[in-house]
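Visitor:
Number of protein chains: 2
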Amino acid sequence: MNQPKGAQSISFGVSPYLLESGSVVGKKESEGPLGNKFDRVSEDDLFGEDTWEAAEGTMQKMACMLALKKAGVQTEKVRFLFGGDLLRQGIATSMGVEALQIPMFGLFGACSTSGEALALAAMATAADYGDYMLAVTSSHFGSAEKEFRFPLGYANQRPLSSTWTVTGSGAFLVGKEKSHVRISGVTIGKIVDYGLKDSQNMGACMAPAACDTIIQNLEDFGRKEDDYDRIITGDLGYVGQSILFDLVRKKGKDIKGNHMDCGILIFDQKTQNTNSGGSGCGCAATTLSAYILPKIASGEWKRVLFVPTGALMSTVSFNEGESVPGIAHAIVLEHC
Amino acid sequence: MNQPKGAQSISFGVSPYLLESGSVVGKKESEGPLGNKFDRVSEDDLFGEDTWEAAEGTMQKMACMLALKKAGVQTEKVRFLFGGDLLRQGIATSMGVEALQIPMFGLFGACSTSGEALALAAMATAADYGDYMLAVTSSHFGSAEKEFRFPLGYANQRPLSSTWTVTGSGAFLVGKEKSHVRISGVTIGKIVDYGLKDSQNMGACMAPAACDTIIQNLEDFGRKEDDYDRIITGDLGYVGQSILFDLVRKKGKDIKGNHMDCGILIFDQKTQNTNSGGSGCGCAATTLSAYILPKIASGEWKRVLFVPTGALMSTVSFNEGESVPGIAHAIVLEHC
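Protein sequences appear in the order of chains A and B.
Note that the first sequence covers residues 65 to 400 in this note's numbering.
Note that the second sequence covers residues 65 to 400 in this note's numbering.
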């Protein structure tokens with residue numbers, strides 16, 4: 065039986081499975097350390113569209129179609145779709161998934177949205193609300209710079225703590241059929257705000273939320289740090305990672321030995337000028353699809369805690385001097 | 065047992081109950097036909113804050129606290145919160161619910177968000193993921209005009225098809241304890257796009273989605289129009305309502321006799337200059353809380369289909385010439 069566990073978690077009685085996934089990225093991502101692992105790479109970051117926003121929508125559609133095709137599941141069989149992106153009013157998702165005509169829930173959790181979508185897809189599957197669910201998220205360097213920062217042509221300088229928004233989309237098919245990756249539980253995050261206001265240092269804004277959710281997960285499930293082969297955050301980057309290590313140590317835990325961060329994995333900091341690392345809700349999603357899931361499916365990693373992290377801000381809240389609160393959701397993925 | 069029903073619906077085996085709700089509105093709403101029914105009314109539309117966005121967050125927090133207080137349920141007992149608003153990156157919700165420290169899922173479904181939040185809260189409760197869930201949404205005339213239209217000081221003319229964004233927030237406590245209103249099922253909407261591009265005629269953009277979800281609900285549950293005492297849409301307004309009647313008639317159904325619309329109910333068109341009616345995800349939520357739920361709880365209405373409607377657009381998609389797709393989710397509410 066499914067049951068609430070501890071203060072913020074759910075332990076699934078009959079685990080839903082992560083059946084298949086699809087990853088689509090842009091040119092820069094294809095030149096990074098994971099470049100040869102993504103399903104689709106586009107030399108054209110507009111993906112044949114006229115705008116970055118439409119391009120991002122197209123990536124979401126492509127990623128969903130890839131996951132469905134690999135699993136041999138028809139679109140009509142998918143009961144619900146859970147999707148989101150970073151743009152105002154989630155417009156990339158609305159444009160992208162419209163063509164699929166799947167009943168849908170629009171989500172926003174900033175860069176934690178892939179965790180939010182996977183958690184809800186797993187919860188809906190475990191509750192027997194349908195045989196298949198889709199979870200999809202995306203981000204795009206062009207649309208995100210326009211949304212949150214400066215026009216690309218302005219060529220502003222980027223501080224060392226800044227991150228580089230990943231152009232990419234990852235989609236995940238969750239269902240009851242057995243596969244080699246099961247979702248055994250989830251820990252849903254609370255909003256954590258340490259009062260930071262620097263939108264060019266997202267890692268620092270999100271690290272407290274990542275710490276909070278990781279510690280809560282260990283407590284709720286009665287586990288130690290090394291009960292996970294890897295604890296993998298979404299896009300803290302180098303700056304956020306070092307803060308996370310400090311915060312976790314203050315809680316009497318140490319995750320230095322088994323922590324990874326998708327933002328650090330996806331780009332080569334030295335040759336790609338990505339400063340603190342990759343970010344965006346396409347960062348964690350494409351890294352999960354292309355790099356993490358194959359290692360769990362093969363059994364190289366038996367149990368992984370996947371923790372996408374989000375900075376809950378808008379240009380309006382930033383301009384009004386509000387702080388940038390963080391949120392992180394954790395998904396327990398196990399080899400089987 | 066919970067089970068998927070038809071193509072887009074869920075029928076709950078053991079129904080979750082809508083235990084309590086809270087409604088908070090601004091001055092103009094208090095002067096409308098439902099003015100004396102809301103829980104809290106503020107003469108100051110800034111609710112003591114410095115910005116419209118912070119005011120909207122404060123309304124969400126107030127509405128949640130009201131619902132909890134009426135039910136005598138402590139904040140820590142609420143397992144998950146499902147919330148959203150109309151602003152870019154859902155910033156009103158992030159600011160508003162932070163203080164509650166409840167594990168949260170951020171949502172975006174434009175003005176359909178109250179339906180999305182209620183559906184997920186009911187699904188999570190029926191699946192035994194916790195004893196209590198909160199669903200909350202809001203909108204604010206000041207923040208919405210700034211987000212989607214013109215600065216208020218510009219005093220632009222409003223076309224007759226335009227709607228007036230409701231300043232208000234409604235929160236709903238869903239749980240397993242028995243009350244007089246049960247949520248017996250939900251129908252989750254697909255994105256429906258007829259290609260309309262007029263952001264000053266949201267009713268026309270959303271009516272096709274409302275029709276789609278209502279017809280699907282009748283089909284999935286094997287019901288006739290008059291199996292519902294009322295079918296109540298979110299914010300189609302007068303213009304959208306007449307389009308909805310036409311579209312539904314083309315499907316061989318007639319809902320003229322039992323249709324209501326929260327956008328029509330909340331303002332007096334003749335004296336309040338609200339043109340086609342009220343809108344915003346605070347419109348459906350506050351009307352449900354203050355007007356609809358008491359009638360179901362008393363048994364005056366035995367079964368109501370509550371159908372919040374959303375126009376999935378942003379200023380960016382509008383400026384780029386994209387159409388405005390619609391979405392609508394339906395919640396089946398029954399007296400018991």
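The C-beta atom is built at its ideal place from N, Cα and C for all residues, glycine as well.
Predicted, not measured: the structure shown is a model, and the values here were computed from it.
Indicate the three-state DSSP secondary structure (helix, strand or coil) for Phe172 of chain B in the structure shown.
Guide: Reduced to three states, the DSSP call for Phe172 of chain B is coil.
Visitor: Whole angstroms are fine: how far does the CA of Leu260 of chain A sit from the CA of Trp365 of chain A?
Guide: 35 angstroms
Visitor: Does the Cβ of Glu107 of chain A have 16 or more other Cβ atoms within 10 Å, making it buried, or fewer, making it exposed?
Guide: exposed
Visitor: How about Ile402 of chain A and Met197 of chain A: are their beta carbons less than 8 angstroms apart?
Guide: There is simply no residue 402 of chain A to check, as chain A begins at 65 and stops at 400 in what is shown.
Visitor: With a threshold of 6 angstroms on Cβ separation, who are the neighbours of Glu180 of chain A within its own chain once the five nearest residues in sequence on each side are excluded?
Guide: Leu171, Gly173, His393
Visitor: Could you tell me the alpha carbon to alpha carbon distance between Ala71 of chain A and Phe382 of chain B, rounded to whole angstroms?
Guide: 42 angstroms
Visitor: For the alpha helix (DSSP H) that contains Asp325 of chain A, what are its first and last residues?
Guide: It is not in any alpha helix (DSSP H) - Asp325 of chain A instead sits in the beta strand (DSSP E) that spans 323 to 325.
Visitor: Quick check on Glu120 of chain A: does DSSP put it in helix, strand or coil?
Guide: Of the three classes helix, strand and coil, the one that applies to Glu120 of chain A here is helix, per DSSP.
Visitor: Would you mind telling me which residues of chain B sit closer than 7 angstroms to Lys141 of chain A, beta carbon to beta carbon, in chain order?
Guide: Ordered by position in chain B, no residue passes the 7 angstroms Cβ test against Lys141 of chain A, which lies about 11 angstroms from the chain.
Visitor: So, helix, strand or coil for Val388 of chain A, using DSSP?
Guide: coil
Visitor: Find out if the Cβ-Cβ distance for the pair Val230 of chain B, Thr115 of chain B is shorter than 8 angstroms.
Guide: no
Visitor: Do the segment 212 to 228 of chain B and the segment 239 to 258 of chain B touch if we need at least three Cβ pairs shorter than 8 angstroms?
Guide: no
Visitor: So the candidates are B:Met129, B:Val371, B:Ser387, B:Ala354; which of them puts its Cα closest to the Cα of Lys101 of chain B?
Guide: B:Ala354
Visitor: Compute the distance between the beta-carbons of Phe144 of chain B and Met168 of chain B, then report whether it is under 8 angstroms.
Guide: yes
Visitor: Exposed or buried, which one is Pro389 of chain B when buried takes at least 16 other CB atoms within 10 Å?
Guide: Buried is the call here.
Visitor: By how many angstroms is the C-alpha of His204 of chain B removed from the C-alpha of Ser343 of chain B?
Guide: One C-alpha to the other measures close to 10 angstroms.
Visitor: For Thr335 of chain B and chain A, any beta-carbon pair shorter than 8 angstroms?
Guide: no
Visitor: According to DSSP, simplified to helix, strand and coil, what is Val88 of chain B?
Guide: Note: Val88 of chain B maps to strand in three-state DSSP.
Visitor: In three-state terms, what does DSSP make of Ser203 of chain B?
Guide: strand
Visitor: Enumerate in chain order the residues of its own chain whose CB-to-CB distance from Arg152 of chain B is below 8 angstroms, with the five nearest sequence positions on each side excluded.
Guide: The residues Glu211, Ser378, in chain order, have a CB closer than 8 angstroms to that of Arg152 of chain B in the same chain once the five nearest residues on each side in sequence are set aside.
Visitor: Give the straight-line distance between the Cα atoms of Phe76 of chain A and Ala156 of chain A, rounded to the nearest whole angstrom.
Guide: 31 angstroms
Visitor: Decide if Leu150 of chain A is buried, meaning its Cβ has at least 16 other Cβ atoms within 10 Å, or exposed.
Guide: buried
Visitor: Leaving out the 5 sequence neighbours to the left and right, which residues in its chain are closer than 6 angstroms to Asn265 of chain B when beta-carbon positions are compared?
Guide: Ser225
Visitor: Applying the 10 Å Cβ sphere with the 16-neighbour rule, what's the burial state of Arg246 of chain B?
Guide: buried
Visitor: For Glu209 of chain B, name the three-state secondary structure that DSSP assigns.
Guide: helix
Visitor: Less than 8 angstroms between the beta carbons of Lys242 of chain A and Tyr81 of chain A, yes or no?
Guide: With a cutoff of 8 angstroms on beta-carbon distance, Lys242 of chain A and Tyr81 of chain A are scored as near each other.
Visitor: Can you tell which of A:Met123, A:Thr277, A:Lys317 has the C-alpha that lies nearest to the C-alpha of Val256 of chain A?
Guide: A:Thr277
Visitor: Quick one: is Asn337 of chain B buried, meaning 16 or more other Cβ sit within 10 Å of its Cβ, or exposed?
Guide: exposed
Visitor: If I follow the unbroken beta strand (DSSP E) through Arg246 of chain B, where does it start and stop?
Guide: 245 to 251
Visitor: Here's the rule I'm using: 16 or more other beta-carbon atoms within 10 Å means buried, otherwise exposed. How should Leu98 of chain A be labelled?
Guide: buried
Visitor: Between the Cα of Arg213 of chain A and those of A:Glu140, A:Val380, A:Lys92, spot the shortest distance and give me the residue it belongs to.
Guide: A:Val380
Visitor: Distance, Cα to Cα, Ala271 of chain A vs Gln165 of chain B?
Guide: 17 angstroms
Visitor: Are the Cβ atoms of Phe370 of chain B and Ile391 of chain B separated by less than 8 angstroms?
Guide: no
Visitor: Could you name the residues of chain A that Lys254 of chain B contacts, counting a contact when the two beta carbons are closer than 8 angstroms?
Guide: Gln165, Ile166, Pro167, Met168
Visitor: In whole angstroms, what separates the C-alpha of Ala135 of chain B from that of Lys359 of chain B?
Guide: 18 angstroms
Visitor: Using the beta-carbon of each residue, which ones in chain B are nearer than 8 angstroms to Val161 of chain A?
Guide: Ile255
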